[in-house]
Every structure is written in structure tokens, then in C-alpha cells.
Amino acid sequence: TLFEDNNPMSCCAWMSAVFCGTMLRAKRLGHMPVLWSRKAQDGRTNLICIMGPFWPCLVFVTYPLIIVISGAAAVALIPQVSIAIKVIWAVCTLVLLVSLTVTACSNPGIVRRWANKPPRCDHWYWSDQAGTFRPPKSQYDGDCGVIIEEFDHTCPWTGTGIGKRNMPAFATFVCCVCICLVFDVLLLVGALSEF
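Going by our numbering, the letters in the sequence shown line up with residues -3 to 191, in that order.
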């Protein structure tokens, strides 16, 4: 098994262990591979690029779906529409891909471990699951193996937990998925060929 809770390894956990652990020698925080971090002047570690436990779903399902569907619309139908439609389609697709990447690769709001209650934080609670004190409005995510501020859910499509720090990018991603889906369907049925 990969994780300390002795549960059998899932496909994503196995791929993460082989690719991130063995090949990239990435460190882990909970069940999340840390691809890039930097030490701050105060000695704390800033997480620059951290992937969620379901990054294989992101890489092998979500990105290919977006690229194949948008690519098919681009190759087959974009040449037949006006420059304005081409620009709007390109911007929407680019924002979709960027917001997905930012959601998937950014810190969702991981709370650092505190063995003792931090000073002036009498309202913090002990988490047996994580073995640390945690602030209110934070929750242990068993999939990610960490406590996340304002935790919402774990999204397999983005491969990571959604919390306070990546929620704006996630909301942009969800909005852009809807816009791009409608846009691509309108292109595929020929509704935008007159514009």
C-alpha cells in the first residue's frame, strides 16, 4: 500500500507512486504530490505546484476530453465562421484550460500542521484524522490526506480538493466548461455559421 491507512492502492495512487514518487522524486503532502515548492524567508514552505490524488484522471480524461472536443470543433467548423466567433471561441477555450490548470496545480488551502494550539487561536479544534489543530471552516479531506480551509469537495475531474485558495479558479473552470460546451454544440450544429 502507498498510504499509511493501509487501504489498498487505487489506480490513481499507484500511478502517483510510480510517476511522481519514483520517476520525479516528488515529495508528498498527505496524498498529494508536491511538484514545486520554495522556502520562504520565515522558513515556511510555499507550495507553488501541488497536484491532487486524482491527477491521472485530470491528465488522461479531463484534458483529452477538452482537447478532442474543442479540437474537433476547431478543425471542422472554425474555418467557416467569422473572425469574431473565432476569437471568442479561442479565448473561452484558453480560459477553460488555464482555469483547469490553476485549479489542479494550486494549493487548495492546506492548513499546516500544529501539534500545539497556535497562540491566540482558542477557537481552533483538534483533528484526530490529521493529528493537528485546525481552524474553524476547515475540514480533513480523506482523499487528499490533508486539512483544507473552507473545503468544498474533492473533484476527480480536476484531480484535487477544492477549497478556499483554488475555489475562484474552480468556479471559473465550471463556468467556462458550460460556455465552451454550449459554444462547441452550436458550432457542431451549424448555428454559428451565419455569424
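Cβ coordinates follow ideal geometry from the N, Cα and C atoms, glycine included. As the structure is a prediction and not an experimental result, all values here were calculated from the model.
Beta-carbon spacing of residue 147, residue 159 below 8 Å: Locating residue 147 in the sequence shown gives position 151, counting from the first residue. Locating residue 159 in the sequence shown gives position 163, counting from the first residue. Yes.
Enumerate in chain order the residues of its own chain whose CB-to-CB distance from residue 208 is below 8 Å, with the five nearest sequence positions on each side excluded. Residue 208 cannot be examined here, being either before or after the span of the chain that is shown, -3 to 191.
When DSSP labels each residue in this structure, what does residue 82 get in the three-state scheme? Counting from 1 along the sequence shown, the entry for residue 82 is found at position 86. In the structure shown, residue 82 sits in a helix (DSSP, three-state: H, G or I).
Using 8 Å as the limit for Cβ to Cβ distance, is residue 88 near chain C? Chain labels in this structure do not include chain C; a single protein chain is all it has.
Between the Cα of residue 125 and the Cα atoms of 65, 119 and 134, which residue gives the shortest distance? Within the sequence shown, residue 125 is the residue found at index 129, counting from 1. That would be 134, whose Cα lies nearest to the Cα of residue 125.
Could you compute how far the alpha carbon of residue 150 sits from the alpha carbon of residue 111? Residue numbering aside, residue 150 sits at position 154 when the sequence shown is read from its first letter. Residue numbering aside, residue 111 sits at position 115 when the sequence shown is read from its first letter. Rounded to the nearest angstrom, the two C-alpha atoms are 26 Å apart.
Beta-carbon contacts of residue 103 that lie in its chain and below 8 Å, excluding the five residues immediately before and after: In the sequence shown, the residue the question calls residue 103 occupies position 107. Cβ within range, chain order: 43, 46, 161 and 162.
Could you compute how far the alpha carbon of residue 145 sits from the alpha carbon of residue 179? Start at 1 with the first residue of the sequence shown, and residue 145 comes out as number 149. Start at 1 with the first residue of the sequence shown, and residue 179 comes out as number 183. Residue 145 and residue 179: Cα-Cα distance of roughly 34 Å.
Rounded to whole angstroms, what is the Cα-Cα separation between residue 121 and residue 131? Stepping through the sequence shown from its first residue, residue 121 is reached at position 125. Stepping through the sequence shown from its first residue, residue 131 is reached at position 135. Put simply, the backbone Cα of residue 121 is about 6 Å away from that of residue 131.
Reduced DSSP secondary structure (H/G/I, E/B, other) of residue -3: Taking the first residue of the sequence shown as position 1, residue -3 is located at position 1. At residue -3, the pLDDT of 30 sits below 50, so the modelled position is not reliable and the matter cannot be decided from this model.
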